[in-house]
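Enquirer: Sequence order for the protein chains is A and B.
Just so you know, we're using this note's numbering here: the first sequence kicks off at 1 and counts up by one.
Just so you know, we're using this note's numbering here: the second sequence kicks off at 101 and counts up by one.
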Amino acid sequence: MTLTKAELADLLFDLVGLNKREAKDMVETFFEEIRTALEEGDSVKLSGFGNFQLRDKPQRPGRNPKTGEEIPITARRVVTFHASQKLKGMVEQHHADKQA
Amino acid sequence: MTKSELIARLADRLAERDSELVYKDAELAVKTILDAMASSLARGQRIEIRGFGSFDLNYRPPRIGRNPKSGSSVSVPEKYVPHFKAGKELRERVDGTVRQNGELAS
Numbered sequence: 001m002t003l004t005k006a007e008l009a010d011l012l013f014d015l016v017g018l019n020k021r022e023a024k025d026m027v028e029t030f031f032e033e034i035r036t037a038l039e040e041g042d043s044v045k046l047s048g049f050g051n052f053q054l055r056d057k058p059q060r061p062g063r064n065p066k067t068g069e070e071i072p073i074t075a076r077r078v079v080t081f082h083a084s085q086k087l088k089g090m091v092e093q094h095h096a097d098k099q100a
Numbered sequence: 101m102t103k104s105e106l107i108a109r110l111a112d113r114l115a116e117r118d119s120e121l122v123y124k125d126a127e128l129a130v131k132t133i134l135d136a137m138a139s140s141l142a143r144g145q146r147i148e149i150r151g152f153g154s155f156d157l158n159y160r161p162p163r164i165g166r167n168p169k170s171g172s173s174v175s176v177p178e179k180y181v182p183h184f185k186a187g188k189e190l191r192e193r194v195d196g197t198v199r200q201n202g203e204l205a206s
């Protein structure tokens, strides 16, 4: 079982009362606005959930694992996610409850 | 960008598209989406958003840690921590803009 855009749209239909089309558009736009902010170099802070941050990584030496040939891994910008204390707490609490 | 800025941008998009939905709807939608994502992860159910990324739980085995102040050892129980992996489109868009702008020395 996996949560996907389709299930999120169903929730907006069931809980928020958007129609099917509005719900699908809302979910798509939600993720697109986050992508756009990150693309523009802006970090995204969603309180209670977590932060998406950008990290610039310098070039480093790499290797083609098949041929052993040395090829540099180019400098790049990557997205990292840091879960909020609240989300971490929810995950740990649920695990603890299952153990009990 | 904060949660309230995200809500404001969604409200702007709705207005541009002449939607009947307003700021309040965007606000409730964002809350509903984030609550669903958090409780899904808490239940151990992964999240997969095509073009954006996936959220999973990573297992951390139990270990003996130390209290950095007193130096006494404490047992840290096993736990699960949330983990995000960016999807292809997000990865390429984030990296692409820096390459175009030449912000990174390559």
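Ideal placement from N, C-alpha and C gives every residue a C-beta, glycine not left out.
Reducing DSSP to helix, strand and coil, say where residue 117 of chain B ends up.
Expert: Three-state result, residue 117 of chain B: coil.
Enquirer: Can you give the Cα-Cα distance for residue 165 of chain B and residue 174 of chain B, rounded to whole angstroms?
Expert: Approximately 5 Å, taken between the alpha carbons.
Enquirer: Could you tell me whether the Cβ of residue 103 of chain A comes closer than 8 Å to any Cβ of chain B?
Expert: Missing from the structure shown is residue 103 of chain A; chain A here goes from 1 to 100 and no further.
Enquirer: Evaluate residue 101 of chain A with the Cβ neighbour count: other Cβ atoms within 10 Å of its Cβ, from every protein chain shown; 16 or more gives buried, anything less gives exposed.
Expert: No answer is possible for residue 101 of chain A: it lies beyond the span of chain A, which begins at 1 and ends at 100.
Enquirer: Would you mind giving the Cβ-Cβ distance between residue 47 of chain A and residue 103 of chain B, rounded to the nearest angstrom? I have them listed as a contact below 8 Å.
Expert: So it is a contact: roughly 6 Å between Cβ atoms.
Enquirer: Taking Cβ positions, are residue 182 of chain B and residue 134 of chain B nearer each other than 8 Å?
Expert: It is not a contact, given that the beta carbons lie outside the stated cut-off.
Enquirer: Looking only at C-alpha atoms, which of A:79, A:30 and A:51 sits nearest to residue 192 of chain B?
Expert: Taking only the C-alpha atoms, the option nearest residue 192 of chain B is A:79.
Enquirer: So that I know if they touch, is there some Cβ in chain A lying closer than 8 Å to that of residue 179 of chain B?
Expert: It does; some Cβ of chain A falls within 8 Å.
Enquirer: Does residue 113 of chain B get closer than 8 Å to chain A when you measure Cβ to Cβ?
Expert: It does: the Cβ of residue 113 of chain B has a partner Cβ on chain A nearer than 8 Å.
Enquirer: Around the Cβ of residue 160 of chain B, are there at least 16 other Cβ atoms within 10 angstroms (buried) or fewer (exposed)?
Expert: Classification for residue 160 of chain B: exposed.
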